[in-house]
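**Student:** Before anything else, here's the structure in question.
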Amino acid sequence: MKPEFETCFVNLPLRYIYNSPKYLDFFIENSIQPELGLDCLGDECLSMDWLLDIRDRIAEAELTCTVHLPFLDLKPSSLNPAIRNASIDTLHTAFELAKIFSPQRMVMHPSFTSWLEEPLFARSYSNCLEGLRRLSDSWPDHPPLCLENTYEYTPDPIVRLVEEIDRDNVGICFDLGHWFSFSKGCEHGDFDLWFEAFAPHVKHIHLHDNNGSKDEHLALGQGCMDWGYIVSRIGELDPLPTFTLEPHNREDFIMTYAYFRENVAAKLFWK
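Each residue of the sequence shown is one higher than the one before, starting from 5 at the first, in the numbering used here.
Here you go:
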């Protein structure tokens, strides 16, 4: 059965499936399209047969997927060459894994160290830009690669990356929960600033809620983010981006999906 919303996905790390296959069963049984997290902490990504089985089950269920490239302990902008090169090598490997799944989007953390002073930040930015070009060159016709905001103080570094790379298949993943917590959007009330900076390049959006103090990944509507206003601004985008819901347990998924249907999809897809 096809999904209710063809441009909506839900986060599902491969390690979750590896440790408990029932996660994939739940997605298939409920026609939920996964955003497959490729952070493999052990042997999860070493069996090609296992990966191909996941791909085939998703396809047989008439679903598509997105992928989230690894980010744990990775720093493509690192000033330490060993860390930087290991990070880029890991991301290259993830690119090869991603090809298996023919994803609609690939999400990546540039992982800037925003508190670095000049000229160190400029060096780290250049490192990240060079690494991104190497990655993109390794698969020139890759699906849209969406750079996700995490701890950045402003939207500027990510916007600059996308504009300097200047490729149609490189854009932005606007993580709204990260803006509200990590970037102190709750305190600054600067959604419009971030939205307008990102808007020309947004290809994907991550949806989860929090109360502003930390990245809680609450169900939508359970934190204090102003979803009515946020969704009204998202509705200005043409074309609309794809979306990933990021609850961290089944109960939050149920609440998030209901909220998405009633308060997001109803305003964006059925208007």
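By construction, the Cβ of each residue, glycine as well, lies at the ideal position given by its N, Cα and C atoms. Treat the numbers as computed from the prediction; the structure is a model and nothing was measured.
Taking the alpha carbon of isoleucine 169 as the reference point, which residue from Pro74, Phe178 and Asp141 has its own alpha carbon closest?
**Tutor:** The residue labelled residue 169 in the question sits at position 165 within the sequence shown. The shortest Cα separation from isoleucine 169 among Pro74, Phe178 and Asp141 belongs to Asp141.
**Student:** Report, in whole angstroms, the separation of the C-beta atoms of phenylalanine 264 and leucine 224, which I expect to be a contact under 8 angstroms.
**Tutor:** As a first step, residue 264 is located in the sequence shown; it is residue number 260 there, counting from the start. As a first step, residue 224 is located in the sequence shown; it is residue number 220 there, counting from the start. So it is a contact: roughly 6 angstroms between Cβ atoms.
**Student:** How long is the line joining the alpha carbons of threonine 248 and aspartate 145, rounded to whole angstroms?
**Tutor:** Position 244 of the sequence shown, counting from 1, holds the residue named residue 248. Position 141 of the sequence shown, counting from 1, holds the residue named residue 145. Taking the straight line joining both Cα atoms gives about 23 angstroms.
**Student:** CA-CA distance, aspartate 194 and glutamate 152?
**Tutor:** The count along the sequence shown starts at 1 and reaches residue 194 at position 190. The count along the sequence shown starts at 1 and reaches residue 152 at position 148. For aspartate 194 and glutamate 152, the distance between alpha carbons rounds to 18 angstroms.
**Student:** Please determine if the region 61–73 and the region 32–39 are in contact, where contact requires at least 3 C-beta pairs separated by less than 8 angstroms.
**Tutor:** A contact exists between the region 61–73 and the region 32–39.
**Student:** Quick one: any contact between the region 153–173 and the region 82–96, if contact means 3 or more CB pairs under 8 angstroms?
**Tutor:** Taking 8 angstroms as the limit for Cβ pairs, the verdict is that the region 82–96 does not touch the region 153–173.
**Student:** Examine the Cβ distances between the region 105–118 and the region 128–142 and report whether three or more of them are shorter than 8 angstroms.
**Tutor:** Verdict: yes, contact present.
**Student:** Assuming glutamate 39 is part of the alpha helix (DSSP H), what are its boundary residues?
**Tutor:** As a position in the sequence shown, residue 39 is number 35, starting the count at 1. Here glutamate 39 belongs to no alpha helix (DSSP H); instead the beta strand (DSSP E) covers 38–41.
**Student:** Got a sec, what are the start and stop residues for the alpha helix (DSSP H) lysine 103 sits in?
**Tutor:** Counting from one through the sequence shown, the residue named residue 103 turns up at place 99. Lysine 103 -> alpha helix (DSSP H) spans 85–105.
**Student:** Along the chain, where does the beta strand (DSSP E) that runs through glycine 135 open and close?
**Tutor:** Counted from its first residue, the sequence shown places residue 135 at position 131. Unbroken run through glycine 135 is the alpha helix (DSSP H), 124–142; no beta strand (DSSP E).
**Student:** When burial is assigned at 16 or more other CB atoms within 10 Å of the CB, is lysine 79 buried or exposed?
**Tutor:** Taking the sequence shown and counting its residues from 1, the one referred to as residue 79 is at position 75. It is buried - the Cβ of lysine 79 has at least 16 other Cβ atoms within 10 Å.
**Student:** Would you identify the three-state DSSP class for aspartate 213, choosing helix, strand or coil?
**Tutor:** Sequence index remark: in the sequence shown, residue 213 carries index 209 (1-based). The answer is strand: DSSP assigns aspartate 213 an E or B state.
**Student:** Consult DSSP for asparagine 34 and reduce its assignment to one of helix, strand or coil.
**Tutor:** In the sequence shown, the residue the question calls residue 34 occupies position 30. Coil at asparagine 34, not helix or strand.
**Student:** In angstroms with no decimal places, state the Cα-to-Cα distance between leucine 76 and histidine 192.
**Tutor:** Numbered from 1 along the sequence shown, position 72 holds the residue referred to as residue 76. Numbered from 1 along the sequence shown, position 188 holds the residue referred to as residue 192. One C-alpha to the other measures close to 28 angstroms.
**Student:** With 16 other CB atoms within 10 Å as the buried threshold, where does tyrosine 22 fall?
**Tutor:** For the purposes of this step, residue 22 is taken as the residue at position 18 of the sequence shown. Burial call: buried.
**Student:** Between the Cα of cysteine 150 and the Cα atoms of Thr70, His252 and Lys218, which residue gives the shortest distance?
**Tutor:** Counting from 1 along the sequence shown, the entry for residue 150 is found at position 146. Selected option, being the one with the closest Cα: Thr70.
**Student:** In three-state terms, what does DSSP make of histidine 205?
**Tutor:** One-based indexing of the sequence shown puts residue 205 at position 201. The answer is helix: DSSP assigns histidine 205 an H, G or I state.
**Student:** Taking leucine 56 as the reference, which of Leu101, Tyr261 and Glu200 has the closest Cα?
**Tutor:** Stepping through the sequence shown from its first residue, residue 56 is reached at position 52. Here the closest residue by C-alpha is Leu101.
**Student:** Quick one: measure Cβ to Cβ for serine 187 and glutamate 220, integer angstroms, because I've assumed they're closer than 8 angstroms.
**Tutor:** In the sequence shown, residue 187 corresponds to position 183, counting from 1. In the sequence shown, residue 220 corresponds to position 216, counting from 1. Not really, about 15 angstroms apart at Cβ, beyond 8 angstroms.
**Student:** Just how far apart, CA to CA, sit proline 245 and leucine 120?
**Tutor:** Translated into the one-based positions of the sequence shown, residue 245 becomes position 241. Translated into the one-based positions of the sequence shown, residue 120 becomes position 116. For proline 245 and leucine 120, the distance between alpha carbons rounds to 32 angstroms.
**Student:** Is isoleucine 238 near leucine 272, with beta carbons less than 9 angstroms apart?
**Tutor:** Along the sequence shown, one-based indexing puts residue 238 at 234. Along the sequence shown, one-based indexing puts residue 272 at 268. Contact: yes.
**Student:** State the start and end residues of the unbroken beta strand (DSSP E) segment that holds asparagine 15.
**Tutor:** For the purposes of this step, residue 15 is taken as residue 11 along the sequence shown, with counting starting at 1. First-last of the beta strand (DSSP E) with asparagine 15: 12–17.
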